[in-house]
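Each number in this note's numbering comes from the position in the sequence shown (counting from 1) with 1036 added on.
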Amino acid sequence: MATSNPSVKRQLRQAYQQMHRAHGHQQWWPADSPFEICVGAILTQNTAWKNVEHAIANLKTAKALSAKRMYDLPVDELAQLIRPAGYYNMKAARLRNFLSVLMEQHNGSLQRMMADKTETVRARLLSINGIGPETADSMLLYAGGHASFVIDAYTKRIFSRHDWCKETDVYDALQTLCQTALGQRTDAARTDYWQDYHAQLVVVGNRHCRPKNPHCDECPLRSLLPT
Ligand code: SF4
1037 MATSNPSVKR QLRQAYQQMH RAHGHQQWWP ADSPFEICVG AILTQNTAWK NVEHAIANLK
1097 TAKALSAKRM YDLPVDELAQ LIRPAGYYNM KAARLRNFLS VLMEQHNGSL QRMMADKTET
1157 VRARLLSING IGPETADSML LYAGGHASFV IDAYTKRIFS RHDWCKETDV YDALQTLCQT
1217 ALGQRTDAAR TDYWQDYHAQ LVVVGNRHCR PKNPHCDECP LRSLLPT
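Dropping the structure here:
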């Protein structure tokens, strides 16, 4: 289980101040609309973001980046457009699963799909084949404005290297730790905090906290390393 140690919670809050001071607010998620965020959240599964950008650019060029247009596309055409994101047949099927729920149960309105209690919308998203916790929470937090902290591989790597969690901790335990430690703000301020917190961890993970040979000397979190 992730820790309930108060000093860990203090360090998590301190970590944000140091990352924010180093990088500034990241204004995440990088997208032009909530629908694009949801598409990006599926496309980014198991691939680097630069590959997602190519796939999104293809969708924009084909004028397919709306729920209705994408829903009307044959799935093999959709797969070809998103090919740069990798696993394109599987991701096209996952997009279709998401679009089917959006179009057939919510009349194509993402606002309607997201308009409920966080746990209700989260369960709705998780019931869609191909949408797991990280994808669902990305959609909730960034497209729906719900307070649902996103945990990813960067979070786990950074946290475990700082002894804020164990490598064996599961998604829900880490999410509970973050939501408890970082839950002191309310409503829009909390959503913005959690949106930017996750974005800051991604920056640290990309720039410094590599799987091998982390660049701790230049990292804004170096003062929080265990002694
Ligand atoms: S690079 Fe080093 S200091 Fe930075 S998050 Fe990773 S382990 Fe911590």
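Cβ coordinates follow ideal geometry from the N, Cα and C atoms, glycine included.
Buried or exposed: which applies to residue 1111, given that a residue is buried once 16 or more other Cβ atoms fall within 10 Å of its Cβ?
-> exposed
Look at residue 1074 and residue 1179 and say whether their C-beta atoms are less than 8 Å apart.
-> yes
Would you grab the beta carbon distance between residue 1139 and residue 1172 for me? Rounded to a whole angstrom, and I think it's under 8 Å.
-> With a Cβ gap of about 18 Å, residue 1139 and residue 1172 do not count as contacting.
Just to confirm, does residue 1118 get its C-beta within under 7 Å of one of the non-hydrogen atoms of the ligand SF4?
-> no
Top-ranked residue by Cα proximity to residue 1175, from 1203, 1043, 1066, 1050 = 1066
What do you get for residue 1222, buried or exposed, if any count of 16 or more other CB atoms within 10 angstroms of its CB means buried?
-> exposed
In the structure shown, what three-state DSSP assignment does residue 1118 receive?
-> coil
Taking only heavy atoms of the ligand SF4 into account, decide whether any of them is closer than 7 Å to the Cβ of residue 1056.
-> no
Anticipated Cβ contact below 8 Å, residue 1143 with residue 1166, distance rounded | That belief does not hold up - the Cβ atoms of residue 1143 and residue 1166 are roughly 22 Å apart, past 8 Å.
Does at least one heavy atom of the ligand NAD sit under 7 Å from the Cβ of residue 1250?
-> The ligand NAD is absent from the structure shown, which contains only the ligand SF4.
Take every Cβ of the segment 1197-1210, pair it with every Cβ of the segment 1085-1093, and state whether three or more of those distances are shorter than 8 Å.
-> no
Start-to-end residues for the alpha helix (DSSP H) that takes in residue 1249 | Here residue 1249 belongs to no alpha helix (DSSP H), and DSSP marks it neither H nor E.
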